[in-house]
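**Q** The numbering of the sequence shown is numbering that gives the first Met the number 0, which starts it at 0 and goes up by one. By construction, the Cβ of each residue, glycine as well, lies at the ideal position given by its N, Cα and C atoms.
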Amino acid sequence: MAKFRSADWFGTKDKMGFLYRSWMKNQGMPEDMFDGRPVIGICNTYSELTPCNAHLRDIAESVRRGVLEAGGFPVEFPIMSLGETLLKPTAMLFRNLASMDAEESIRGNPIDGVVLLTGCDKTTPSTLMGAASVDLPTLVVQGGPMLNGKFKGEDIGSGTALWKFNDKLKTGEMTYDEFAEAESCQSRSPGHCMTMGTASTMAVMVEALGMSLSGMAAIPAVDSRKKRIAQLSGRRIVDMVKEDLRISKILTREAFENAIKINAAVGGSTNFVIHLTAIAGRVGIDLNIDDFDNLGSKMPLLLNLMPSGKFLMEDFYYAGGLPAIIKQIQSELHMGAITVTGQSHAENIANSGTIYNSDVIYTYDAPLIPEAGTTVLKGNLALNGCVIKPSAATPALMQHTGRAVVFENIEDYHARVDDPNLDIDETCVMVLKTVGPVGYPGMPEVGNMPLPKKLLDKGVTDMVRISDGRMSGTAFGTVILHVSPESAIGGNLGLVQNGDMITLDVPKKLIQLEVSDEELEARRKVWQAPPAMAERGYVKMYIDTVQQADKGADLGFLVGGSGSKVTRDSH
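(1) Only counting the same chain, and skipping five residues up and downstream in sequence, which positions put a Cβ closer than 6 Å to that of Gly-352?
(2) Which one of Ala-130, Thr-117 and Ile-58 has the shortest CA to CA distance from Val-558?
(3) As an exercise, report each continuous alpha helix (DSSP H) stretch of at least 4 residues that is fully enclosed by the region 392-476, in chain order.
(4) Can Ala-160 and Ala-181 be called in contact, C-beta distance under 8 Å?
(5) What residues are listed by DSSP as bridge partners for Pro-77?
(6) Run through DSSP, which three-state label would Gly-65 get?
(7) Would you identify the three-state DSSP class for Val-139, choosing helix, strand or coil?
(8) Using a Cβ-Cβ cut-off of 7 Å (strictly less than) and excluding sequence neighbours within five positions of Val-203, which residues of its own chain qualify?
(9) Evaluate Asn-25 with the Cβ neighbour count: other Cβ atoms within 10 Å of its Cβ, from every protein chain shown; 16 or more gives buried, anything less gives exposed.
(10) Kindly list the residues whose CB is nearer than 8 Å to the CB of Met-99, restricted to its own chain and excluding five residues on each side of it in sequence; keep chain order.
(11) Compute the Euclidean distance between the alpha carbons of Glu-346 and His-333, then round it to the nearest angstrom.
(12) I want to know whether the region 304-315 touches the region 153-169 - three or more CB-CB distances under 8 Å.
(13) Counting C-beta neighbours from all protein chains within 10 Å, is the total for Gln-398 16 or more, i.e. buried, or is it exposed?
(14) Between Phe-475 and the ligand SAM, is there a pair consisting of the residue's CB and a ligand heavy atom that are separated by less than 7 Å?
(15) What is the DSSP secondary structure of Lys-377, reduced to helix, strand or coil?
(16) In the DSSP assignment, what residue or residues form a beta bridge with His-191?
(17) Which residues bound the alpha helix (DSSP H) around Glu-485?
(18) Span of the alpha helix (DSSP H) holding Gln-230?
(19) Check whether the region 421-437 touches the region 461-471, taking contact to mean three or more Cβ pairs, one atom from each stretch, closer than 8 Å.
(20) In the DSSP assignment, the beta strand (DSSP E) including Gly-16 goes from what residue to what residue?
(21) If contacts are defined as beta-carbon pairs under 8 Å, then Ala-381 and Gly-476 qualify, I think. What distance do you get, rounded to the angstrom?
(22) Count the other CB atoms within 10 Å of the CB of Tyr-355; is the residue buried (16 or more) or exposed (fewer)?
(23) Report the residue from Leu-86, Gly-472, Ser-569 and Gly-112 whose alpha carbon sits nearest the alpha carbon of Phe-571.
(24) Buried or exposed: Val-139, going by 16 or more other Cβ atoms within 10 Å of its Cβ?
(25) Keeping to the same chain, check which residues put their C-beta closer than 8 Å to that of Ile-58; ignore five residues upstream and five downstream.
(26) Quick check on Lys-309: does DSSP put it in helix, strand or coil?
(27) Thinking Ile-501 and Thr-393 are a contact (beta carbons under 8 Å), I'd like their distance in whole angstroms, please.
(28) Let me make sure I understand the geometry here. Which of Pro-440, Asn-408 and Ile-360 has the alpha-carbon closest to that of Ala-531?
(29) Taking the C-alpha atoms as reference points, what is the distance between Ser-21 and Arg-234?
(30) Considering only the beta carbon of each residue, do Gly-118 and Asn-52 sit closer than 8 Å?
(31) Taking all protein chains shown into account, do 16 or more other C-beta atoms lie within 10 angstroms of the C-beta of Gly-280, making it buried, or fewer, making it exposed?
(32) Between the beta-carbon of Gly-158 and the beta-carbon of Ala-474, is there less than 8 Å?
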């Protein structure tokens, strides 16, 4: 039997071998578990505080069965779990911390290969970032989306419906009792958001990168086929270890280009840009913000899914899932790119990829929207770039010039947005400062600012909104996000004043503050940075070292990897 990495712990016949084996035996491990078979780590982001991942204990058992069937030694371990549903001030603040947890847990333990159990938004990129920095054979099992929400005879989507219901509550179109009833109707089963929010986008990203078994991304969390594919994943990771199919062999430049194009075709979240960039940084792939525009902005939208369309993830799975999307756009992809199966995308979908519902999945020749990928905008308001999701925006606002209405921070926004005396109309541009990586800190999902009540009362449903923050992948609107450099570190967004004119021209990929360079320089001389939001602990370290959005908002010292070698023992 080949010698694996775990033999440095369990394979020695000395004091340290005694120590490592003896303590594992207190769990009832028989002697032959230490015979040199591959040790497979099951990295579990289960937590009752992360509702999207609260079912991952069951999924872990399916993976464990597969590992044992293939002759491996499964060991489950927890890491910090991140949920956008409960965690304050934002799960994004802790994505990099969770990646450190994953990285050091994998590197420091006798693990030959790892299965990452993920679900809610940040658990997927954080674990992938950490695993990529260690570079062992790695496979991802996503927890899957919830069942479709059902309310008053209609399908409702997590997040997407909430934004609409909130507006209706403000205007009196919905009673509070109806609003409260919808809570239970939206979240009917275990799983993550069933819209094409960031969690679903991350599941698609993983399969597009080749990091999960084919067809996994859209399987609902409660569908028995989720456990089936989890068990098959447990079998497969053992073979990956024997083949030495490391994560770096899969996460190639071609894989990242595939992910960008597939994300555009499904109408994925703008958060995809930040997370994919950060993952690329861990494996040394030079991915920049312009790649997302050059590769994705001209791609057709094929998936009719909220918030860009009308259906939900359960429908996507029944209609053919991601293999059907890949087959439709295969002429645009690197179909020979290797995946965790040991085969290429072309081989993986050779016997799949049929569209079973043409209302949900459109064809490449007759798409839902001809050009719909994330567009990168630049100009003096975002020298390093910002992003907009055209498929979720209002076409009439894609070229617009309006007067800035400025909110200096999130507290200022909450205090004034519904003030009847706020000087704003539907032609204005709402500007929110100090919600970037450093300023908030953590870059929260507040960029899709709810509109002022007095405009909602008039029937206004969308306005141009600009910030250095993010928005939920479940959200919609003509929203410009991830402005870089951010306002809190002196970016020009921080210099915008009420009454300034701002031009948005998506076809020209322009976001421009109609203020002269001389005036901006004069404002810069009197500008003062907001006070730091922390003086100790991880948050202090984050503020001091986080990169800007266009770089993936990773911590600068985490870019790259340290590999899997550990040369010293604990005793």
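**A** Taking the geometry as given:
(1) For Gly-352, where only same-chain residues beyond five positions count, the Cβ hits under 6 Å are Pro-322, Ala-323 and Lys-326.
(2) Of Ala-130, Thr-117 and Ile-58, the residue nearest in Cα terms is Ala-130.
(3) Listed in chain order, they are 409-415 and 452-456.
(4) Contact flag set, yes.
(5) BP columns for Pro-77 point to Asn-43.
(6) DSSP places Gly-65 in helix when its eight states are reduced to three.
(7) Strand.
(8) Take Val-203, set aside five residues on each side of it, and the residues of its chain with a beta-carbon closer than 7 Å to its own are Ala-216, Ile-261, Asn-262, Val-265, Gly-267 and Leu-321, in chain order.
(9) By the neighbour-count rule (16 or more Cβ atoms within 10 Å), Asn-25 is not buried but exposed.
(10) Hits under 8 Å: Gly-129 and Leu-557.
(11) Those two C-alpha atoms are separated by around 12 Å.
(12) The answer is yes - the region 153-169 touches the region 304-315, with three or more Cβ pairs under 8 Å.
(13) When all chains shown are included, Gln-398 counts as exposed.
(14) What this structure holds is no ligand at all, so the ligand SAM is not there to describe.
(15) In this structure, Lys-377 counts as strand in the three-state DSSP scheme.
(16) According to DSSP, His-191 bridges with Pro-144.
(17) Going by DSSP, Glu-485 is part of no alpha helix (DSSP H) at all; its letter is neither H nor E.
(18) For Gln-230, the enclosing alpha helix (DSSP H) stretches over residues 223-242.
(19) Because the criterion of three Cβ pairs below 8 Å is met, the region 421-437 and the region 461-471 touch.
(20) DSSP places Gly-16 in no beta strand (DSSP E) but in the uninterrupted alpha helix (DSSP H) bounded by 14-24.
(21) Between Gly-476 and Ala-381 the Cβ distance is about 18 Å, and since that is not below 8 Å, they are no contact.
(22) Answer is exposed; the Cβ neighbour count stays below 16.
(23) No answer is possible for residue 571: it lies beyond the span of the chain, which begins at 0 and ends at 570.
(24) Under this definition Val-139 is a buried residue.
(25) So the list reads Leu-116, Val-140, Gly-142, Lys-225, Lys-226 and Ala-229, once near-sequence residues are dropped.
(26) The answer is coil: DSSP assigns Lys-309 none of H, G, I, E or B.
(27) With a contact defined as Cβ atoms closer than 8 Å, Ile-501 and Thr-393 miss out at about 16 Å.
(28) Out of Pro-440, Asn-408 and Ile-360, Pro-440 has the C-alpha closest to the C-alpha of Ala-531.
(29) CA-CA distance, Ser-21 to Arg-234, rounds to 27 Å.
(30) Yes, the pair counts as a contact, with Cβ atoms nearer than the cut-off.
(31) Counting the other Cβ atoms within 10 Å of the Cβ of Gly-280 gives 16 or more, which makes it buried.
(32) Yes, they are a contact pair.
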